[in-house]
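K.L.:
Just dropping this structure here.
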Amino acid sequence: MSENVVNAVRPRRRPGRPLGRRLAGSLSFRTIGAVYVWLLLIAAFAIWIPDLFLREETLKSILNQYSITALAALSIIIPLSTGVFDLSIGSTMGLTGIVAAWLLGNTDLSPLVVVVLGVSVGALVGLFNALIVVRMKIDSFIGTLATGSILAAVTLGISGDQILTERVSGSFSEIASTDVAGIQLPVLYMIALMIVIGFFLEQTAAGRYCYATGFNPEVTRLVGVSVDRVRTLALVFSGCVAGFAGVVLTARIQAADPTNGPSYMIPAFSAAFLGATQFRHGRFNPWGTIVAVLMLGTGSVGLLLAGAPTWAPQIFQGVVLIAAVGVTVVQRRPKAARETKPAAAEAAASPS
Numbered sequence: 462m463s464e465n466v467v468n469a470v471r472p473r474r475r476p477g478r479p480l481g482r483r484l485a486g487s488l489s490f491r492t493i494g495a496v497y498v499w500l501l502l503i504a505a506f507a508i509w510i511p512d513l514f515l516r517e518e519t520l521k522s523i524l525n526q527y528s529i530t531a532l533a534a535l536s537i538i539i540p541l542s543t544g545v546f547d548l549s550i551g552s553t554m555g556l557t558g559i560v561a562a563w564l565l566g567n568t569d570l571s572p573l574v575v576v577v578l579g580v581s582v583g584a585l586v587g588l589f590n591a592l593i594v595v596r597m598k599i600d601s602f603i604g605t606l607a608t609g610s611i612l613a614a615v616t617l618g619i620s621g622d623q624i625l626t627e628r629v630s631g632s633f634s635e636i637a638s639t640d641v642a643g644i645q646l647p648v649l650y651m652i653a654l655m656i657v658i659g660f661f662l663e664q665t666a667a668g669r670y671c672y673a674t675g676f677n678p679e680v681t682r683l684v685g686v687s688v689d690r691v692r693t694l695a696l697v698f699s700g701c702v703a704g705f706a707g708v709v710l711t712a713r714i715q716a717a718d719p720t721n722g723p724s725y726m727i728p729a730f731s732a733a734f735l736g737a738t739q740f741r742h743g744r745f746n747p748w749g750t751i752v753a754v755l756m757l758g759t760g761s762v763g764l765l766l767a768g769a770p771t772w773a774p775q776i777f778q779g780v781v782l783i784a785a786v787g788v789t790v791v792q793r794r795p796k797a798a799r800e801t802k803p804a805a806a807e808a809a810a811s812p813s
C-alpha cells in the first residue's frame with residue numbers, strides 16, 4: 462500500500478505536450494525565477510562596480526564563503542520535506558565546532574576521528590530533537606528552538622565563553638583550506654551533498670515518502686508508511702550535516718567561536734525556502750537551494766563591494782526569507798491538495 466504514496470508524489474508528465482511548451486514551462490519565471498533574479502543581480506553589480514565585481518576572485522570568494530551556508534541549508538532540506546523544522550542547526554554547528562576544537566586541544570586524537578566525533582554529536586542532537594518532536598509531539602518550531610537554546614548554553618559551558626584556537630590550525634584546517642584552482646574543499650562537499658540529497662529525494666522510494674509525509678502525514682500514515690520513523694531519520698540527518706558543517710567552519714577559520722554557528726540559521730532557511738520555489742514548485746529541493754545560496758551570496762558580496770553598510774546583507778537576506786516563505790506557502794497549498802488526493806482515494810478503496 463505504501464506504493465500509493467510513492468505514486469502520488471511522483472512528478473506527473475503530460476502526455477503529448479509539445480516540446481516547445483515543455484521547454485517554455487521549464488524556463489518560465491515561475492519555475493526558475495531565482496535564476497533570473499540572480500542574473501539581474503550579476504548584471505546590476507557588473508554595471509555598478511565593474512572593476513570590483515567582474516573579477517575571478519569575486520566568483521571564487523562567493524563560492525568559498527557561502528559553501529558553509531550551503532551545507533547548513535542542505536542540512537534542513539529533508540526535515541522540511543517531511544514537514545518539520547530544525548531551528549537548532551545553528552547551535553548544533555556552534556556546539557560541534559567547539560567540541561572539535563576542545564578535542565584537538567585536550568586529546569591526541571587525529572583530525573579524522575575529531576571530524577567523526579563532531580558528526581556523531583550532531584547525530585545525537587538529531588535524536589534529541591526527534592525525541593521532543595516525534596515522541597513527545599511538541600511542535601517542531603518550538604521544540605527545536607528550545608534545543609538550540611540548550612545547545613547554546615552547553616557550547617558556552619564547554620568553551621568557557623572563550624574562542625578556542627589551540628591546535629585548530631595545521632593538518633586539521635586542511636579539511637577546509639585545501640583548494641583546487643582557488644576553489645576550497647567545502648565547495649566540493651556542497652556539490653557532493655547536493656547530488657546525494659537530490660538523488661535520494663527524487664530517485665528513491667524513501668525520498669518520496671519524505672515528500673508524502675510533508676504534504677499529508679495522515680494519508681501517508683494510513684497507507685502504511687511510518688511517519689514517525691521518516692521524521693526521526695530526517696532530524697538525525699539534519700543533525701549530522703549541521704555537525705559536519707560546524708566542524709568544517711572551525712577548520713576554515715582555524716578557531717572555534719561559540720557565537721559563529723547561530724548566525725547561519727537565517728541564511729540557511731532563506732535559501733531553503735527560496736529554493737523550494739524553484740524547479741520543483743513548492744517542494745524543498747537541493748538544486749533550488751544551491752541557486753538560492755549563490756543568489757544570496759552574490760547580493761551580499763555585491764553590496765559590501767559597493768560600500769554598503771555591514772548590516773545591509775542581513776536586511777537583504779531577511780527580505781528574501783519573507784518573500785520566499787510567502788511564495789512557497791502559496792505554491793504548496795494547491796499542490797498538497799492535488800497530489801495527496803489520489804493517495805487518499807486509493808487508501809479509502811483498499812481493504813484494511
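Following my numbering, the residues of the sequence shown are numbered contiguously, the last one being 813. We put the beta carbon where it would ideally sit given N, CA and C, even for glycine.
#1: Quick check on residue 810: does DSSP put it in helix, strand or coil?
#2: For the alpha helix (DSSP H) containing residue 624, list its first residue and its last residue.
#3: Quick one: what's residue 717 bridged to in DSSP?
#4: Rounded to the nearest angstrom, what separates residue 672 and residue 662 at their Cα positions?
#5: What would DSSP say about residue 510, mapped onto helix, strand or coil?
#6: Identify, in the order they occur along the chain, each residue of the same chain with its Cβ nearer than 8 angstroms to the Cβ of residue 560, setting aside the five sequence neighbours on each side.
#7: Can at least three beta-carbon pairs, one atom from the region 588 to 604 and one from the region 727 to 734, be found at a separation below 8 angstroms?
#8: Whether or not the region 730 to 737 and the region 642 to 653 are in contact is what I'm after, with contact meaning three or more pairs of Cβ atoms, one per stretch, closer than 8 angstroms; do they touch?
#9: Could you compute how far the alpha carbon of residue 813 sits from the alpha carbon of residue 540?
#10: Between the region 511 to 521 and the region 761 to 768, are three or more C-beta pairs nearer than 8 angstroms?
#11: Should residue 497 go down as buried or exposed, given a rule of 16 or more other Cβ atoms within 10 Å for buried?
#12: Using three-state DSSP, classify residue 689 as helix, strand or coil.
#13: Does the count of Cβ pairs from the region 689 to 706 and the region 548 to 557 closer than 8 angstroms reach three?
#14: Ignore the nearest five residues each way along the sequence and tell me which others in residue 637's own chain have a CB closer than 7 angstroms to its CB.
#15: Alpha carbon to alpha carbon, what distance is there between residue 683 and residue 811?
#16: Per DSSP, what are the beta-bridge partners of residue 644 in this structure?
#17: Under 8 angstroms Cβ to Cβ from residue 814, same chain only, skipping five residues before and after it: list those, please.
#18: So is residue 801 buried or exposed if we call it buried at 16+ other beta carbons inside 10 Å?
#19: Find the nearest neighbour of residue 691 within the set 536, 505, 543, judged by alpha-carbon distance.
#20: Look up residue 801 in the DSSP assignment and say whether it is helix, strand or coil.
#21: Which residues in the same chain as residue 461 place their Cβ atom closer than 6 angstroms to its Cβ, once the five residues preceding and following it in sequence are excluded?
#22: Can you tell which of 704, 775, 720, 716 has its C-alpha closest to the C-alpha of residue 533?
#23: Can residue 766 and residue 523 be called in contact, C-beta distance under 8 angstroms?
#24: In three-state terms, what does DSSP make of residue 746?
#25: Which value, in whole angstroms, describes the spacing of the CA atoms of residue 600 and residue 631?
#26: With a cut-off of 8 angstroms on the beta carbons, I'd call residue 629 and residue 504 a contact; round off their distance for me.
#27: Quick check on the DSSP output: what are the complete alpha helix (DSSP H) runs of length 4 or more inside the region 555 to 599, in order along the chain?
#28: Helix, strand or coil: how does DSSP classify residue 705 here?
#29: For the putative contact between residue 750 and residue 535, defined by C-beta atoms under 8 angstroms, what is the C-beta separation to the nearest angstrom?
#30: Can you give me the start and stop residues for the alpha helix (DSSP H) that residue 677 sits inside?
#31: Put residue 668 into one of helix, strand or coil per three-state DSSP.
#32: Please go through the same chain and pick out, in chain order, the residues whose beta-carbon is closer than 7 angstroms to the beta-carbon of residue 588, but skip the five residues on each side of it.
#33: Which value, in whole angstroms, describes the spacing of the CA atoms of residue 617 and residue 519?
#34: Tell me the residue span of the alpha helix (DSSP H) that contains residue 538.
P.N.:
So, from the data block:
#1: Residue confidence is low: residue 810 scores 47 on pLDDT, short of 50, so the model does not pin down where it sits. Its coordinate-derived value is still stated next. If DSSP states are grouped into helix, strand and coil, residue 810 belongs with the helices.
#2: Counting along the chain, residue 624 falls outside any alpha helix (DSSP H), and DSSP gives it neither H nor E.
#3: Paired residues: 625.
#4: Spanning the alpha carbons of residue 672 and residue 662 requires a straight line of approximately 8 angstroms.
#5: Coil at residue 510, not helix or strand.
#6: Cβ contact annotation for residue 560 (same chain, cutoff 8 angstroms, sequence separation greater than five): 578, 579, 582, 619, in chain order.
#7: No: fewer than three Cβ pairs fall under 8 angstroms.
#8: Too few Cβ pairs lie closer than 8 angstroms, so no.
#9: Per-residue confidence for residue 813 stands at a pLDDT of 42, beneath the threshold of 50, marking its modelled position as unreliable; no derived number is given.
#10: Segments in contact, yes.
#11: Taking a 10 Å sphere around the C-beta of residue 497, we find fewer than 16 other C-beta atoms and assign the residue as exposed.
#12: Correct three-state label for residue 689: helix.
#13: Touching, yes, given that three or more Cβ pairs across the two stretches are closer than 8 angstroms.
#14: Sequence-distant partners of residue 637 (beyond 5 residues in either direction) whose C-beta falls short of 7 angstroms from its own C-beta, in its chain, are 645, 646, 647, 709, 712, 713.
#15: Legend: pLDDT at residue 811 = 46, less than 50; position of this residue unreliable, no value from coordinates given.
#16: DSSP, once it has assigned bridges, lists 641 as partnering residue 644.
#17: Because the chain spans 462 through 813 in this model, residue 814 falls outside it and cannot be assessed.
#18: Confidence at residue 801 is low in this model, with a pLDDT of 49, below 50, so its placement is unreliable and the value that follows should be read with caution. Classification for residue 801: buried.
#19: Residue 543 holds the alpha-carbon nearest to the alpha-carbon of residue 691 among 536, 505, 543.
#20: Legend: pLDDT at residue 801 = 49, less than 50; position of this residue unreliable, value from coordinates given subsequently. If DSSP states are grouped into helix, strand and coil, residue 801 belongs with the helices.
#21: Past the boundaries of the shown model lies residue 461; the chain is included only from 462 to 813, so the question cannot be answered.
#22: The candidate whose alpha carbon is nearest that of residue 533 is 704.
#23: No, the Cβ-Cβ distance between residue 766 and residue 523 is not below 8 angstroms.
#24: Residue 746: coil per DSSP, three-state reduction.
#25: A straight-line Cα-Cα distance of about 43 angstroms links residue 600 and residue 631.
#26: Under the criterion of beta carbons closer than 8 angstroms, residue 629 and residue 504 do not qualify as touching, at roughly 40 angstroms.
#27: Correct list: 572 to 591.
#28: Residue 705 carries a helical assignment under DSSP once its states are collapsed to helix, strand and coil.
#29: A Cβ-Cβ separation of about 6 angstroms places residue 750 in contact with residue 535 under the 8 angstroms criterion.
#30: Here residue 677 belongs to no alpha helix (DSSP H), and DSSP marks it neither H nor E.
#31: Residue 668 falls in the helix class under three-state DSSP.
#32: The beta carbon of residue 588 sits closer than 7 angstroms to those of 697, all from its chain and outside the five residues before and after it, given in chain order.
#33: Going from the Cα of residue 617 to the Cα of residue 519 covers about 35 angstroms.
#34: Its alpha helix (DSSP H) spans residues 538 to 542.
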